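Remarks on the structure that follows.
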Amino acid sequence: MTLTRRGFTAGIAAGFAAPYIMGSARAQGGGTIKIGMCAPITGPAAEAGKYATGGAKLAVEAINKAGGILGKQIELIIEDDQTTNPGIVLAFSKLAANPEIVGFLGSIRSTQVHAMAPDVMKLGKPVMFGGTDPNLTKLGNPWLFRFRPNDSYSGRVIAEYGVKNLGKKKWAVLHSTDAFGTAGGKALTEALGPLGATVALDQGYANQSQDFTPVVLAIKQSGAEILGSYFTFENDLGIFARQLRQLGVNIPWVGSPSIVNVTALKLAGPALYGTFGVADYAEESSEASKAFGKAYRDAYKVAPDNQSSWPYDAINVLAMAIKNAGSTDPQKIREAIVAIKKYPGAEGEYNFDKNGDGLHGYNIVKNEKGNIVFDKHIEFDN
Amino acid sequence: MDLVLQLLFTGIGIGAVYALVALGFVLIFRATNVVNFAQGEFSMVAAYLMVVCAVDLELPYWLSFIIALAGMAVIGVIFNLGVYYPLRHRTYLPVIIATIGASILMANGVLALYGPQPQVLPGWFETPGIQLGPVYLDSQYLLIIVVTIALVIFNYWFFEHTMIGKKLQATSQDKEMASLLGISVSTMIMITFIYSAVLGGLAGLLVAPILFVSIQMGSTIALKAFAATIIGGFGDVAGAIIGGLALGIIETFGAAYISVPYKDGFAFLVLVLFLVFRPQGIFGERVAEKA
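This is the structure in structure tokens:
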């Protein structure tokens, strides 16, 4: 048999077209509802990626065991985002090329969500994410839905807890000078004014500082009664906490979520005892949180945290929206998500607003000799 | 006044760390005429070796310390044979690039083996520090200062009063002449690499209980140590020590009295001023074309 030019061209064309033809055939007659997930399987956040996929899988298994949705089982397709922005763009484009996928899970990192946002807009299918930069739900992108409270709430919760519960009005605000820390410090400072509190010291620091002695001495000299902080990296937090205690500063301290993070607890040890932190996931905060915590521990034999709780909630909410919509049409799913009110998730009670923000409050937890204990939940209705 | 004393102590402590790493830069520069950009990674690798021995394998602290430093001596040999030796007849540029490559390899190698989470390494002493009047003296910083002083004395004795020290000096001043006099140049360079790796490692082991053990710990210190080396005068041992201490004190006082976020800026501002007005550093000869 000789290969003619026409035959060769036809063969190539058939080769390229086959996956698409088969793909569209599968899309019409497929037996599962497919959800795509971008997760850090490799790169610096690989460990967190394991927790995230674990949380998502747990929800998928539970839904499938209960009969699935619309009479079909859910299938989770995971792509590695390499913990980088180009990585998540690539991972999302791979998933987006599969027409059978009806919804997606993005990242817990705001910067990665920013990176993938234009492609999400182009594709026009719902994407759940965990990044907390308040701007992400203000991009005018109707397909982004957030499953953690955004940072504008954390500043308000730190301020409210310090002023109303701890009764302290003279504050030292310490924050990293990166985007996260600056926005957080600003949110906290702005929230303190209306509560009648004053800022005795507003102090920024550069990430990866080896020494915080000047900062600690400034806090001491400011006469502040309470410290509010936004630390980006746990090693900075650990060095600061130790030096704070060594130099004899023992004022109450309410910090952003990193203060109750497992790594920070390990690094700082006793220096963080007695501090307070805002946490989006707190195991004791509600029945739903407890139930998730138990299921997660049973399945993976490790403690649950916000890395695993938000994907768990995201899968559940997405499944519920598909069920309520009675369809996998993106527009109908979007409308069904926005209509979800008072849904008890592991992270808290979801009340979606028109921007796509599901949660509007934070938990306050206390470090009691290294154990993180739930104290109270503070919710805002605006 | 209390504030000044506290800042001075911290400044000297952190400056002593820069000085230790800077010393490694200087020794290799003197022997080979190249800057070893993997010097900071020596600190990081040693700290991880220490974590493996003292924390994971629960060996006694002193034994872990010795094993970690011995490990660094081995790494010094491998570094010399793998990075410097094959390129020794080339100009300084390929060697410098090779050291950058080696530093990336070491950082990512440790990342692959140990993961990205920072680790805790306990200090030498049970008591974290002592309160001396108004000043709190961190015991680990005290140790660092004492070790730095001891090393300055040791270096002086080693280079000025031992035969091997004199051979090393001869090699660094003129390799051809040293070779004609029967000194084995390659052995001397090997010894320099071993000594520098051990020195870098020692700095890492001393600073790890304060800064924690992380992949980035080496590069952050090395950048400052590099600046200290230029300020002190590239190639001058006393200069590296003075440069390191000066940098530690300048950045601590700059942070306290001018701006905390720009703390690193002060160090590099001083570096730029030196490069512009006195590129040979405080003690050094004119070597600007190599910087």
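Chains as they are written, first to last, in the numbering used here: chain A, -4 to 377; chain B, 288 to 578.
The beta carbon of each residue, even a glycine, is placed where N, CA and C say it ideally should be.
Since the structure is predicted, the reported quantities are computational estimates derived from the model, not experimental observations.
The distance from the Cβ of A:ASP197 to that of A:THR184 is about 6 Å, consistent with a contact at the 8 Å cut-off. Counting C-beta pairs closer than 8 Å gives three or more between the segment 260 to 270 of chain A and the segment 352 to 372 of chain A, which meets the contact rule. DSSP places A:GLY272 inside the beta strand (DSSP E), whose first and last residues are 271 to 274.
When the five nearest sequence neighbours on each side are left out, the beta carbons in the same chain lying within less than 6 Å of the beta carbon of A:ALA266 are those of ALA236, ARG237, ARG240, in order along the chain.
By DSSP's assignment, A:MET32 forms a beta bridge with A:ILE73, A:LEU100. Taking 7 Å as the upper bound on Cβ-Cβ separation, chain B lies near residues GLN198, GLY199, TYR200, ALA201, GLN203, SER204, GLN205, ASP206 of the segment 185 to 206 of chain A. Proximity of chain A to B:ALA542 at the Cβ level (cut-off 7 Å) is accounted for by PRO209, in chain order. By a beta-carbon distance limit of 8 Å, A:ALA341 contacts A:TYR307. Their separation comes to about 5 Å.
For B:GLY311, no CB of chain A lies under 7 Å from its own CB, so it is not counted at the interface with that chain.
Taking 8 Å as the Cβ-Cβ cut-off, the segment 401 to 414 of chain B approaches chain A at GLY402, PRO403, GLN404, PRO405, VAL407, given in chain order. At least 7 Å separates the beta-carbon of A:SER204 from that of A:LEU232. The C-beta distance from A:VAL312 to A:ILE332 rounds to 7 Å, short enough to fall under 8 Å.
If you compare the alpha carbons of A:VAL273, A:TRP248, A:ILE96, A:GLY351 with that of A:GLU374, the shortest gap goes to A:VAL273.
Flagged as an interface residue toward chain B: A:THR172, by a C-beta distance shorter than 7 Å. Under the DSSP definition of a beta bridge, A:ARG141 partners with A:PHE124, A:ASP352. Straight-line measurement puts the Cα of A:PRO121 at about 60 Å from the Cα of B:THR319. Looking at the DSSP output, A:TYR345 sits in a beta bridge with A:TYR338. For A:HIS372, the enclosing beta strand (DSSP E) has its first and last residue at 366 to 374. Where A:HIS109 is concerned, the enclosing alpha helix (DSSP H) starts and stops at 105 to 118. Spatial neighbours of A:GLY125 in its own chain (CB-CB distance under 6 Å, excluding positions within 5 residues in sequence) are listed in chain order as ILE103, PHE142, ARG143, TRP305. The three-state reading of DSSP puts B:VAL407 in coil, since its state is none of H, G, I, E or B. By a beta-carbon distance limit of 8 Å, B:PHE324 does not contact B:ALA484. Their separation comes to about 14 Å. For A:GLY50, the closest C-alpha among the options A:ASN366, A:ALA290, A:ALA316, A:GLY351 is that of A:ALA290. Beyond the five residues adjoining it in sequence on each side, B:GLN456 comes within less than 7 Å, by CB distance, of PHE446 in the same chain, given in chain order.
Within the same chain, THR319, VAL321, VAL370, TYR371, LEU374, ARG375 come within 8 Å of B:VAL382 by CB-CB distance, once the 5 residues on both sides are set aside. Closest option to A:GLU330, judged by alpha-carbon separation, among A:LEU139, A:LYS45, A:VAL55, A:GLY38: A:LEU139. Restricting attention to beta strand (DSSP E) runs no shorter than 3 residues, the segment 388 to 443 of chain B encloses them at 416 to 419, 422 to 425, ordered along the chain. With respect to A:ILE246, A:LEU212 sits apart: the two C-beta atoms are not nearer than 7 Å.
If you ignore the 5 residues before and after A:ALA309, its C-beta comes within less than 6 Å of the C-beta of LEU100, MET123, PHE142, all in its own chain and listed in chain order. Between the C-alpha atoms of A:ILE28 and B:GLY358 there is a straight-line separation of about 54 Å. Judged by beta-carbon spacing, B:ILE517 lies within the 7 Å limit of B:LEU558, meaning their Cβ atoms are closer than that value. Our two residues, B:ALA303 and B:ILE417, have alpha carbons roughly 19 Å apart in a direct line. Considering only beta carbons, the part of the segment 228 to 242 of chain A lying closer than 7 Å to chain B consists of GLU229, ASN230, GLY233, ILE234, GLN241, LEU242, in chain order.
Within the model, the alpha-carbon separation for B:LEU424 versus B:VAL364 is close to 37 Å.
The Cβ of B:GLY416 sits closer than 7 Å to at least one Cβ of chain A. When rounded, the separation of the alpha-carbon atoms in A:VAL168 and A:SER224 is 6 Å.
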